[in-house]
Every structure is written in C-alpha cells, then in structure tokens.
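Undergrad: Residue numbers for the sequence shown, in the numbering used here: 9 to 305. Just passing along the structure, written as structure tokens.
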Amino acid sequence: MKHFSKIIATQEQLFHAFLIASLNEDNIDKNVEILLHKVGVNPNKNNLNFQMFDVKKTLHKSEILSAFNDLYFSSFTQQDEKVLLIKNIDLANTSILNAILKTLEEPPKNTLIILTTTHIDKVLPTIRSRCQVFNFYEDNKKEILEILNKENKAFEYNTLFVNIYSGLEQVKRNINDENLKLLKEIQQTLNKHYKSNLELINFFYKKLTKENALFLLSILKLFFFSIFAKDFSIFPSFWKDIFRNWENRLKQQKDKFAPKHFEIISLIENFIQSLETAQNFTLQKNNFLVNFYESLK
Numbered sequence: 009m010k011h012f013s014k015i016i017a018t019q020e021q022l023f024h025a026f027l028i029a030s031l032n033e034d035n036i037d038k039n040v041e042i043l044l045h046k047v048g049v050n051p052n053k054n055n056l057n058f059q060m061f062d063v064k065k066t067l068h069k070s071e072i073l074s075a076f077n078d079l080y081f082s083s084f085t086q087q088d089e090k091v092l093l094i095k096n097i098d099l100a101n102t103s104i105l106n107a108i109l110k111t112l113e114e115p116p117k118n119t120l121i122i123l124t125t126t127h128i129d130k131v132l133p134t135i136r137s138r139c140q141v142f143n144f145y146e147d148n149k150k151e152i153l154e155i156l157n158k159e160n161k162a163f164e165y166n167t168l169f170v171n172i173y174s175g176l177e178q179v180k181r182n183i184n185d186e187n188l189k190l191l192k193e194i195q196q197t198l199n200k201h202y203k204s205n206l207e208l209i210n211f212f213y214k215k216l217t218k219e220n221a222l223f224l225l226s227i228l229k230l231f232f233f234s235i236f237a238k239d240f241s242i243f244p245s246f247w248k249d250i251f252r253n254w255e256n257r258l259k260q261q262k263d264k265f266a267p268k269h270f271e272i273i274s275l276i277e278n279f280i281q282s283l284e285t286a287q288n289f290t291l292q293k294n295n296f297l298v299n300f301y302e303s304l305k
C-alpha cells in the first residue's frame, strides 16, 4: 500500500479506470480511500458525484445501466469528477459485465471507475486489460519470505520472487536456474544500456518468449514501479546503481514521476493480462516492444 499511495499522490491525471485486488477486503477499502481522497470524495458523506455498488448484494443490470447513463449525461453538463465504485466485480453476471465493458471501452469524460475484487483470477481479461491494475498480496508475503530465508539463508532475490508469485510452492518452483540466469541478464542489460533504447529493445526482443513472459515482464514492471515509488527494497542492494542511473535518466526527460513514464507500468501490466487471452503472442510481443520503445523516448 505504501507504493500505491506514493504512486497515486504523484499523478496529475489519474487513469480512467482502476482494478484493486487483494485477498484482504480491509486492504482493498484502504486503497480505494486513497483513490477517492485523490479526487476529493469522502465515501462517508453524501456526494452527488459518487456512486457505489457491491455485487455481493443485490445488483441488477438496470441499476448499473442507470449509473452509467448518469455518468455519460453528467460528463456533458458538469465539469466535476464523477466516481463510480463497484465492489466484488468477480461476482458480476454477464449482463453487468457487458455494461461495464462497454463503458470501459468508451469512458465518459471527467469520470473515474474503480473496480475491486478478492479473486483477480476470476475477473475477465477484457475487463482487466482496460483498467490500471493494482494487485496486492500482503496477506502471506511476510510468512512466505520468512520460510524462504530459513531454507536458503536469505537468498538475495527472495523478496523479488515473493512479489511476483503468490503462494509458497509457486515461489519455490520459479526460483530455478533458468529464471536466475535470465534475471542476471536483465540486470546486466538495464545497467549497461540504460541510455540506449535500441539496445534495450533488442535485448527484450531476443529474450522475451511466451514461456518466460510472465516472469520477465513482472521484473520489468516492478523495476519501474520501484523507481516511481522511490522504494527499491524488493530488489537486492547491488541493484542500487542501476536504479540511480535510471532515476537520473527519467528526471532528465521530464519532471519526476511524469505521467508519460507512469504509462510504462500500464503498458507492461496490459501485456501481462493479455497473456491469458488467445491472441497471437508474436503480434502481442511486437506491439508491446514498439509501444515500450515509444514510452522510453
């Protein structure tokens, strides 16, 4: 949550839709409050610009359609930010999901849509790909990390793997020679070619495969996420110089935490979500690398 609050606080203009996921509903509520505070909404007070629905409770298509119609109408008549919060989106029926998807594809002006879930794996990829996704797994991280540190004497990358994978067995399974070799190559490339966009893109073009995409892209996302949040604690200390070089590079291009660079995280997250679809991986990969190159300019 510390990362999330820092990221949101630095954004001049928020993305039009967010998906907040966590196993802990209290953590979800706290992060939703951060977003609402950013746009000046107090959920505990009556506010004509704020509507909230919980799919766990009775929610009919007519209710959600009415809420969306209000958003479109008010976007033409008022300049104030409108906020629509829908909790437990993973429980929504097909009719509601179709209505939400249509709105996400053509979002009204001056509107912020917030979706929440405790089971992100049950949220449609088409919904996820149209949102800025924040997936929190605070619940078991500390316990998993303690077990890993005892078993392999505080291996330098334990914290990083725990932030990529959920569940002890999944983390253990992915701390393997192949991933560690790729991780070392990523580290060396980010260190050596932080001034050369073409060299970076060439490296990722050669190394990015359908089999390693989740791991490689997650490393990349967490790398930029750490820079923008100014918190490098999930990476080993010997990455310190790499972060400093990249931070200086980004600051030279624009003011720190520039919205354009925040788009890098969204770009990577969208590619990760699209891995679960039936789209052609080669086309996805090429499209991602082109957009990634443009975002680095």
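Idealized CB from N, CA, C, for every residue including glycine.
What residues in its chain sit with their C-beta under 6 Å from that of ALA29, if we drop five residues either side in the sequence?
TA: Position 21 of the sequence shown holds residue 29. These residues qualify, in order along the chain: THR125, ILE128, ASN143.
Undergrad: Take ILE276 as the anchor and find which of LEU222, ASN210, GLU159 has the nearest alpha-carbon.
TA: Position 268 of the sequence shown holds residue 276. Nearest of LEU222, ASN210, GLU159 to ILE276, Cα basis: LEU222.
Undergrad: Can you check whether the CB of PRO244 is closer than 8 Å to the CB of TYR165?
TA: The residue you call residue 165 lines up with position 157 of the sequence shown. The residue you call residue 244 lines up with position 236 of the sequence shown. The answer is yes: Cβ separation under 8 Å.
Undergrad: For the beta strand (DSSP E) that ILE121 lies in, which residues bound it at each end?
TA: Walking along the sequence shown from the start, residue 121 turns up at place 113. From DSSP, the beta strand (DSSP E) with ILE121 extends over 119-125.
Undergrad: Does PHE240 come out as helix, strand or coil in the three-state DSSP assignment?
TA: Mapped onto the sequence shown, residue 240 falls at position 232. PHE240 falls in the coil class under three-state DSSP.
Undergrad: What residue does the alpha helix (DSSP H) around LEU92 start on, and which one ends it?
TA: The residue given as residue 92 occupies position 84 in the sequence shown. Premise fails: LEU92 lies in the beta strand (DSSP E), 90-95, not in any alpha helix (DSSP H).
Undergrad: Cutting at 7 Å between CB atoms, please list the residues of its own chain near ASN184, excluding the five before and the five after it.
TA: Position 176 of the sequence shown, counted from the first residue, corresponds to residue 184. Cβ neighbours of ASN184 beyond the five flanking positions: none.
Undergrad: Could you give the residue range of the alpha helix (DSSP H) that holds VAL141?
TA: Working through the sequence shown from its first residue, we reach residue 141 at position 133. Note, VAL141: premise wrong, no alpha helix (DSSP H); beta strand (DSSP E) at 140-144.
Undergrad: Just to confirm the assignment: which complete alpha helix (DSSP H) runs, minimum length 4, are found wholly within the stretch 196-220?
TA: Segments of the alpha helix (DSSP H) lying fully in the stretch 196-220: 205-215.
Undergrad: Going by CA-CA distance only, name the one from ARG181, LEU123, LEU105 that's closest to GLN59.
TA: In the sequence shown, the residue the question calls residue 59 occupies position 51. It is LEU123 whose Cα lies nearest to the Cα of GLN59.
Undergrad: Please say whether PHE23 and GLN196 have beta carbons closer to each other than 8 Å?
TA: Position 188 of the sequence shown holds residue 196. Position 15 of the sequence shown holds residue 23. The answer is no: Cβ separation not under 8 Å.
Undergrad: Tell me which same chain residues have a C-beta within less than 8 Å of the C-beta of ILE72, skipping the five on either side of it?
TA: Translated into the one-based positions of the sequence shown, residue 72 becomes position 64. Answer for ILE72: PHE61, ILE94, ILE104, ALA107, ILE108, listed in chain order.
Undergrad: With H, G and I counted as helix, E and B as strand and the rest as coil, what does DSSP make of LEU27?
TA: The residue you call residue 27 lines up with position 19 of the sequence shown. If DSSP states are grouped into helix, strand and coil, LEU27 belongs with the strands.
Undergrad: State the DSSP-derived secondary structure class of PHE163, mapped to helix, strand or coil.
TA: Here residue 163 corresponds to residue number 155 of the sequence shown, with the count starting at 1. If DSSP states are grouped into helix, strand and coil, PHE163 belongs with coil.
Undergrad: Starting from PHE296 and walking both ways along the alpha helix (DSSP H), at which residues does that stretch end?
TA: In the sequence shown, counting from the first residue as 1, residue 296 sits at position 288. Taken as a continuous stretch (DSSP letters only), the alpha helix (DSSP H) holding PHE296 covers 289-304.
Undergrad: What is the residue span of the alpha helix (DSSP H) that GLN21 lies within?
TA: Here residue 21 corresponds to residue number 13 of the sequence shown, with the count starting at 1. It is not in any alpha helix (DSSP H) - GLN21 carries neither H nor E in the DSSP assignment.
Undergrad: Relative to the alpha-carbon of SER282, which residue among THR18, SER70, ASN54, VAL131 has its alpha-carbon at the smallest distance?
TA: For this step, residue 282 is matched to residue 274 along the sequence shown. It is VAL131 whose Cα lies nearest to the Cα of SER282.
Undergrad: For LYS46, I'd like the list of residues in its chain whose CB is within less than 8 Å of its CB, leaving aside the five on either flank, ordered along the chain.
TA: Numbered from 1 along the sequence shown, position 38 holds the residue referred to as residue 46. Excluding residues within five positions, the ones whose Cβ falls inside 8 Å are ILE16, ALA17, GLN19, LEU22.
Undergrad: To which residues of the same chain is THR290 closer than 6 Å at the C-beta, ignoring the five residues directly before and after it?
TA: Numbered from its first residue, the sequence shown carries residue 290 at position 282. If we look at THR290 and ignore the five residues flanking it on each side, it has no Cβ neighbours.
Undergrad: Could you pull the start and end residues of the beta strand (DSSP E) that ASP62 belongs to?
TA: Counted from its first residue, the sequence shown places residue 62 at position 54. Element bounds for ASP62: 58-62.
Undergrad: I'd like the span of the alpha helix (DSSP H) that includes ILE128, first residue to last.
TA: Here residue 128 refers to the residue found at position 120 of the sequence shown. Per DSSP, ILE128 belongs to no alpha helix (DSSP H) and is neither H nor E.
Undergrad: Starting from ILE108, follow the alpha helix (DSSP H) in both directions and report where the run begins and ends.
TA: Here the question's residue 108 lines up with position 100 in the sequence shown. 102-113 is the span of the alpha helix (DSSP H), which, as asked, contains ILE108.
Undergrad: Between which two residues does the alpha helix (DSSP H) harbouring ASP98 extend?
TA: Position 90 of the sequence shown holds residue 98. Counting along the chain, ASP98 falls outside any alpha helix (DSSP H), and DSSP gives it neither H nor E.
Undergrad: Pick from VAL63, ASN171, ASN160: whose alpha carbon is nearest that of ILE227?
TA: Against the sequence shown, residue 227 aligns to sequence position 219. Ranking VAL63, ASN171, ASN160 by Cα distance to ILE227 puts ASN171 first.
Undergrad: If we ignore side chains and look at the alpha-carbon of each, how far apart do ASP78 and ASN96 end up?
TA: Here residue 78 refers to the residue found at position 70 when the sequence shown is read from its first residue. Here residue 96 refers to the residue found at position 88 when the sequence shown is read from its first residue. Answer to the nearest angstrom: the Cα atoms are 21 Å apart.
Undergrad: Do you know offhand how far ASN160's Cα is from LYS180's?
TA: By 1-based counting over the sequence shown, the position of residue 160 is 152. By 1-based counting over the sequence shown, the position of residue 180 is 172. Using only the alpha carbons, I get a separation of about 11 Å.
Undergrad: Quick check: LEU297 and PHE211, are their CB atoms within less than 8 Å of each other?
TA: As a working mapping, residue 297 is identified with position 289 in the sequence shown. As a working mapping, residue 211 is identified with position 203 in the sequence shown. Not in contact: LEU297 and PHE211 (Cβ atoms no closer than 8 Å).
Undergrad: Work out the CA separation of THR111 and ASN295 for me, nearest whole Å.
TA: For this step, residue 295 is matched to residue 287 along the sequence shown. For this step, residue 111 is matched to residue 103 along the sequence shown. Looking at the two C-alpha atoms, the distance is approximately 24 Å.
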